[in-house]
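Position 143 (the sequence shown) corresponds to 167 in this note's numbering; numbering is contiguous. Every residue gets a Cβ at the ideal spot worked out from N, C-alpha and C, and that includes glycine. From a predicted model like this one, the values you see are computed outputs, not experimental measurements.
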Amino acid sequence: ATEAPASGVDLRVGHLALLFSDLVGSTALYERVGDARAFAIVEEHFQLMGGVIAARGGAIVKTMGDAVMASFPSAADAAVAAREMIARHDAAHPDGDLGVKIGLHAGPCLAVRANERLDFFGTTVNMAARLQAQAGASEIVLTEETAEAPAVARALEGLTPSRFTAALKGIESEQALLRFEVQAAAAESSAAE
Numbered sequence: 025a026t027e028a029p030a031s032g033v034d035l036r037v038g039h040l041a042l043l044f045s046d047l048v049g050s051t052a053l054y055e056r057v058g059d060a061r062a063f064a065i066v067e068e069h070f071q072l073m074g075g076v077i078a079a080r081g082g083a084i085v086k087t088m089g090d091a092v093m094a095s096f097p098s099a100a101d102a103a104v105a106a107r108e109m110i111a112r113h114d115a116a117h118p119d120g121d122l123g124v125k126i127g128l129h130a131g132p133c134l135a136v137r138a139n140e141r142l143d144f145f146g147t148t149v150n151m152a153a154r155l156q157a158q159a160g161a162s163e164i165v166l167t168e169e170t171a172e173a174p175a176v177a178r179a180l181e182g183l184t185p186s187r188f189t190a191a192l193k194g195i196e197s198e199q200a201l202l203r204f205e206v207q208a209a210a211a212e213s214s215a216a217e
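1. Can you look up His-129 in the DSSP assignment and give me helix, strand or coil?
2. If you draw a straight line from the C-alpha of Leu-43 to the C-alpha of Phe-96, how long is it?
3. DSSP beta-bridge partners for Ile-164?
4. So, with DSSP's three-state summary, where would you put Ala-148?
5. Taking the beta strand (DSSP E) that Ile-84 belongs to, which residues open and close that run?
6. Ignore the nearest five residues each way along the sequence and tell me which others in Phe-145's own chain have a CB closer than 7 angstroms to its CB.
7. In terms of residues, what are the limits of the alpha helix (DSSP H) holding Pro-174?
8. State the DSSP-derived secondary structure class of His-69, mapped to helix, strand or coil.
9. Whose CA, out of His-129, Arg-61 and Ala-62, lies closest to the CA of Arg-203?
10. Terminal residues of the continuous beta strand (DSSP E) containing Arg-187?
11. Over what stretch of residues does the beta strand (DSSP E) that includes Ala-94 continue unbroken?
12. For Val-206, which of Gly-127, Glu-198 and Lys-193 has the nearest alpha-carbon?
13. Counting only the same chain and skipping the five closest in sequence on each side, list residues whose C-beta sits under 8 angstroms from that of Val-37.
14. Kindly list the residues whose CB is nearer than 6 angstroms to the CB of Ala-171, restricted to its own chain and excluding five residues on each side of it in sequence; keep chain order.
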């Protein structure tokens, strides 16, 4: 079925990279330090992530709980930001109680502006969210196709990928994926570029 967007809704199709990050260990954090202190730590996390995202040409689309959805002009920009996001977070939380996991994907998506807010919809968005679910703390997960694009490969240079396949919720076929674990030293060299 085809329907026109509602009055006051601006709909566009574009090619972007979408990044989803999630804070690993936050449920235990709320239990350990209490709601008010945990919320303050999550807010500090958002400030840190937002600074990296903006510095790498991206924008936070929205936050959900302790997760971030961000858009970037290219997958390479998103990959550089992802490395730096993990490095900066891990430097701020060296005890390892909290981690960041990231999924990113690039492709066509619908950009919708309604009520002065911009949001994105479509398969690219869904794929990025599902990839984030495949990551562990200090990891970035991408499709093989995205990871092997020359500019993305350069952005992730120095990280050793592990290849795997996974069935992703709502995606028909199994996907060939790459998982990159960001070590502090490797991430710092990327951030210095």
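Put simply:
1. In the three-state DSSP reduction, His-129 falls in the strand class (E or B).
2. 8 angstroms
3. Ile-126 and Phe-204
4. One detail in the question is off: residue 148 reads as Thr in this sequence, not Ala. Three-state result, Thr-148: helix.
5. 83–88
6. Cys-133, Leu-134 and Val-136
7. 174–179
8. Shown here, His-69 sits in a helix according to DSSP, grouped into three states.
9. His-129
10. Under the DSSP assignment, Arg-187 falls in the beta strand (DSSP E) whose first and last residues are 185–190.
11. 91–96
12. Gly-127
13. Pro-132, Cys-133, Leu-134 and Ala-135
14. Leu-202
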